[in-house]
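Take a look at the structure set out below.
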Amino acid sequence: MSSIDSTPTMLCPCGTKKLFTDCCQSIIENDSASTAEILMRSRYSAFVIQDGSYLLNTWHESTRPKDFQLGSSRWLGLSIIKSSYDQVRFEAAFYTGSKGMILKENSRFVYENEHWRYVDGDCKVETIGRNAVCFCGSGRKFKQCCKPNTDTV
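Positions in the sequence shown are counted from 1; adding 18 to them yields the working numbering.
Given below as C-alpha coordinates:
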(Lines of atoms letter the chains of each structure in order from A and count residues from 1; the text may use other names and numbers.)
(Lines give C-alpha, C1' and ligand atoms only; values in the text may rest on other atoms or scores of the structure.)
Protein backbone atom coordinates (compact mmCIF):
# COMPACT_ATOMS: atom_id res chain seq x y z
CA MET A 1 0.00 0.00 0.00
CA SER A 2 1.71 3.19 1.15
CA SER A 3 5.18 4.07 2.26
CA ILE A 4 3.85 5.84 5.37
CA ASP A 5 2.14 3.78 8.04
CA SER A 6 -0.67 5.51 9.87
CA THR A 7 -0.81 5.66 13.60
CA PRO A 8 -4.03 5.63 15.62
CA THR A 9 -3.54 9.36 16.34
CA MET A 10 -2.57 10.54 12.83
CA LEU A 11 -4.94 13.24 11.58
CA CYS A 12 -6.20 12.65 8.08
CA PRO A 13 -4.16 14.59 5.53
CA CYS A 14 -7.35 15.61 3.68
CA GLY A 15 -8.10 18.34 6.22
CA THR A 16 -11.31 17.07 7.83
CA LYS A 17 -9.69 17.09 11.31
CA LYS A 18 -10.73 13.44 11.71
CA LEU A 19 -8.29 10.64 12.39
CA PHE A 20 -6.92 9.02 9.22
CA THR A 21 -8.29 5.66 10.42
CA ASP A 22 -11.78 7.23 10.65
CA CYS A 23 -11.59 9.11 7.36
CA CYS A 24 -9.63 8.33 4.19
CA GLN A 25 -7.91 5.10 5.22
CA SER A 26 -10.94 2.86 4.70
CA ILE A 27 -11.89 4.71 1.49
CA ILE A 28 -8.40 4.06 0.12
CA GLU A 29 -8.41 0.44 1.25
CA ASN A 30 -11.90 -0.30 -0.13
CA ASP A 31 -12.26 2.11 -3.08
CA SER A 32 -15.46 3.30 -1.43
CA ALA A 33 -15.79 7.05 -2.04
CA SER A 34 -19.46 8.01 -1.94
CA THR A 35 -19.05 11.44 -3.62
CA ALA A 36 -16.65 13.20 -5.96
CA GLU A 37 -15.41 15.36 -3.07
CA ILE A 38 -14.68 12.33 -0.90
CA LEU A 39 -12.77 10.77 -3.80
CA MET A 40 -10.82 14.02 -4.20
CA ARG A 41 -9.96 14.06 -0.49
CA SER A 42 -8.90 10.41 -0.51
CA ARG A 43 -6.76 10.96 -3.61
CA TYR A 44 -5.03 13.88 -1.89
CA SER A 45 -4.38 11.62 1.12
CA ALA A 46 -3.01 8.97 -1.26
CA PHE A 47 -0.54 11.52 -2.63
CA VAL A 48 0.53 12.33 0.94
CA ILE A 49 1.07 8.68 1.90
CA GLN A 50 2.54 7.81 -1.51
CA ASP A 51 -0.11 5.24 -2.51
CA GLY A 52 0.34 5.23 -6.29
CA SER A 53 -1.75 2.12 -6.85
CA TYR A 54 -4.85 3.80 -5.36
CA LEU A 55 -4.27 6.89 -7.48
CA LEU A 56 -4.05 4.83 -10.66
CA ASN A 57 -7.04 2.67 -9.69
CA THR A 58 -9.25 5.73 -9.11
CA TRP A 59 -8.18 7.44 -12.35
CA HIS A 60 -10.71 7.00 -15.15
CA GLU A 61 -9.39 4.59 -17.76
CA SER A 62 -9.91 7.13 -20.56
CA THR A 63 -7.38 9.56 -19.05
CA ARG A 64 -5.23 7.30 -16.85
CA PRO A 65 -1.54 7.77 -17.65
CA LYS A 66 0.43 4.75 -18.75
CA ASP A 67 3.58 5.94 -17.00
CA PHE A 68 2.86 7.49 -13.60
CA GLN A 69 5.48 8.53 -11.07
CA LEU A 70 4.59 10.02 -7.69
CA GLY A 71 7.68 12.18 -7.34
CA SER A 72 9.16 13.51 -4.14
CA SER A 73 6.90 16.45 -3.32
CA ARG A 74 5.91 16.94 0.30
CA TRP A 75 2.20 17.76 0.51
CA LEU A 76 1.36 20.46 3.07
CA GLY A 77 -2.39 21.01 2.99
CA LEU A 78 -5.66 20.82 1.08
CA SER A 79 -8.49 23.35 0.83
CA ILE A 80 -11.76 22.53 -0.92
CA ILE A 81 -12.98 25.77 -2.51
CA LYS A 82 -16.21 24.50 -4.12
CA SER A 83 -17.74 21.09 -4.63
CA SER A 84 -20.64 19.95 -6.81
CA TYR A 85 -21.91 16.58 -7.96
CA ASP A 86 -19.06 15.85 -10.38
CA GLN A 87 -16.57 18.71 -9.94
CA VAL A 88 -14.30 19.81 -7.11
CA ARG A 89 -12.34 23.05 -7.06
CA PHE A 90 -9.45 22.86 -4.62
CA GLU A 91 -6.06 24.22 -3.70
CA ALA A 92 -3.27 21.98 -2.46
CA ALA A 93 0.02 23.27 -1.12
CA PHE A 94 3.20 21.30 -1.54
CA TYR A 95 6.92 21.69 -1.16
CA THR A 96 9.26 20.51 -3.88
CA GLY A 97 12.98 21.06 -4.13
CA SER A 98 13.38 24.30 -2.23
CA LYS A 99 10.06 25.93 -3.18
CA GLY A 100 6.59 26.08 -1.75
CA MET A 101 3.91 25.70 -4.42
CA ILE A 102 0.12 25.90 -4.67
CA LEU A 103 -1.78 23.66 -7.08
CA LYS A 104 -5.13 25.23 -8.02
CA GLU A 105 -7.38 22.80 -9.83
CA ASN A 106 -10.96 22.35 -10.93
CA SER A 107 -11.24 18.55 -11.15
CA ARG A 108 -13.85 16.56 -13.05
CA PHE A 109 -15.12 13.17 -11.94
CA VAL A 110 -17.47 10.52 -13.29
CA TYR A 111 -19.58 7.95 -11.44
CA GLU A 112 -19.73 4.63 -13.24
CA ASN A 113 -19.93 0.99 -12.24
CA GLU A 114 -20.73 2.12 -8.68
CA HIS A 115 -17.40 3.93 -8.26
CA TRP A 116 -16.24 7.54 -8.55
CA ARG A 117 -13.28 8.12 -10.86
CA TYR A 118 -11.06 11.14 -11.45
CA VAL A 119 -11.23 12.18 -15.12
CA ASP A 120 -9.14 15.34 -15.45
CA GLY A 121 -8.84 18.91 -14.32
CA ASP A 122 -7.96 22.44 -15.28
CA CYS A 123 -5.05 23.45 -13.13
CA LYS A 124 -2.31 25.93 -12.57
CA VAL A 125 0.64 25.86 -10.21
CA GLU A 126 1.98 28.97 -8.48
CA THR A 127 5.03 29.54 -6.31
CA ILE A 128 4.41 30.50 -2.68
CA GLY A 129 6.70 33.40 -1.85
CA ARG A 130 8.68 33.11 1.39
CA ASN A 131 7.03 36.29 2.64
CA ALA A 132 3.55 35.40 1.38
CA VAL A 133 0.77 34.89 3.90
CA CYS A 134 0.59 31.17 4.63
CA PHE A 135 -2.07 29.15 2.80
CA CYS A 136 -3.24 27.55 6.06
CA GLY A 137 -5.08 30.67 7.20
CA SER A 138 -2.90 31.40 10.24
CA GLY A 139 -2.15 34.92 9.04
CA ARG A 140 1.58 34.29 9.49
CA LYS A 141 4.20 34.33 6.75
CA PHE A 142 4.70 31.00 4.94
CA LYS A 143 8.39 30.91 5.94
CA GLN A 144 7.40 31.16 9.63
CA CYS A 145 4.45 28.79 9.47
CA CYS A 146 4.04 25.77 7.17
CA LYS A 147 7.31 25.99 5.20
CA PRO A 148 9.10 22.73 5.98
CA ASN A 149 12.41 22.87 7.76
CA THR A 150 14.89 22.30 4.93
CA ASP A 151 16.99 20.16 7.27
CA THR A 152 14.21 17.54 7.29
CA VAL A 153 13.01 17.71 3.67
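We treat Cβ as the ideally placed atom computed from N, Cα and C, and that holds for glycine. All values reported here derive from a predicted model rather than from experimental measurement.
- Task: Under 8 Å by Cβ, that's how I've got Arg3 and Tyr136 pegged, so tell me the actual separation to the nearest angstrom.
- Result: Since the displayed the chain opens at 19 and closes at 171, residue 3 lies outside it and no answer follows.
- Message: Quick check on this structure: which residue in Leu94, Ile46, Ser102 has the alpha carbon closest to the alpha carbon of Arg126?
- Response: Taking the first residue of the sequence shown as position 1, residue 126 is located at position 108. Minimum Cα distance to Arg126 is reached at Ser102.
- Message: Measuring alpha carbon to alpha carbon, tell me which residue in Gly157, Met58, Gly33, Thr27 is nearest Trp134.
- Response: Here the question's residue 134 lines up with position 116 in the sequence shown. Nearest of Gly157, Met58, Gly33, Thr27 to Trp134, Cα basis: Met58.
- Query: Is the region 78-90 close to the region 29-36, with three or more CB pairs under 8 Å?
  - Reply: no
- Item | Exposure of Phe38, with buried meaning 16 or more beta-carbon neighbours within 10 Å | If you number the sequence shown from 1, residue 38 lands on position 20. It is buried - the Cβ of Phe38 has at least 16 other Cβ atoms within 10 Å.
- Query: Fully enclosed by the region 22-84, which beta strand (DSSP E) runs are 3 residues long or longer?
  - Reply: none
- Message: Give me the residue from Leu96, Ile99, Leu74, Lys100 with the minimum Cα distance to Leu88.
- Response: Position 70 of the sequence shown, counted from the first residue, corresponds to residue 88. Checking every option, the nearest Cα to that of Leu88 belongs to Leu74.
- Message: For Gln68, would you say it is in contact with chain C, using Cβ-to-Cβ distances shorter than 8 Å as the test?
- Response: The question asks about chain C, but that chain is absent: this structure has only one protein chain.
- Query: Hey, how far is the Cα of Phe153 from the Cα of Ala111?
  - Reply: Within the sequence shown, the letter at position 135 stands for residue 153. Within the sequence shown, the letter at position 93 stands for residue 111. In a straight line, the C-alpha of Phe153 is about 7 Å away from that of Ala111.
- Item | Closest by C-alpha distance to Thr173, when choosing among Lys161, Asp138, Glu130, Lys159 | What the structure shows of the chain is the stretch from 19 to 171, and residue 173 is not part of that stretch, so it cannot be assessed.
- Query: Among Leu96, Pro83, Arg158, Asp85, which has the Cα closest to the Cα of Ala64?
  - Reply: For the purposes of this step, residue 64 is taken as residue 46 along the sequence shown, with counting starting at 1. The candidate whose alpha carbon is nearest that of Ala64 is Leu96.
- Message: On a Cα-Cα basis, can you pick out the residue from Ser50, Arg82, Lys84, Gln43 that is closest to Glu132?
- Response: Translated into positions along the sequence shown, residue 132 becomes position 114. It is Ser50.
- Message: Here's a check: name, in chain order, each residue in its chain whose Cβ is nearer than 6 Å to the Cβ of Ile98, leaving out the five neighbours to either side.
- Response: Here the question's residue 98 lines up with position 80 in the sequence shown. Excluding sequence neighbours, Ile98 sits near Phe108.
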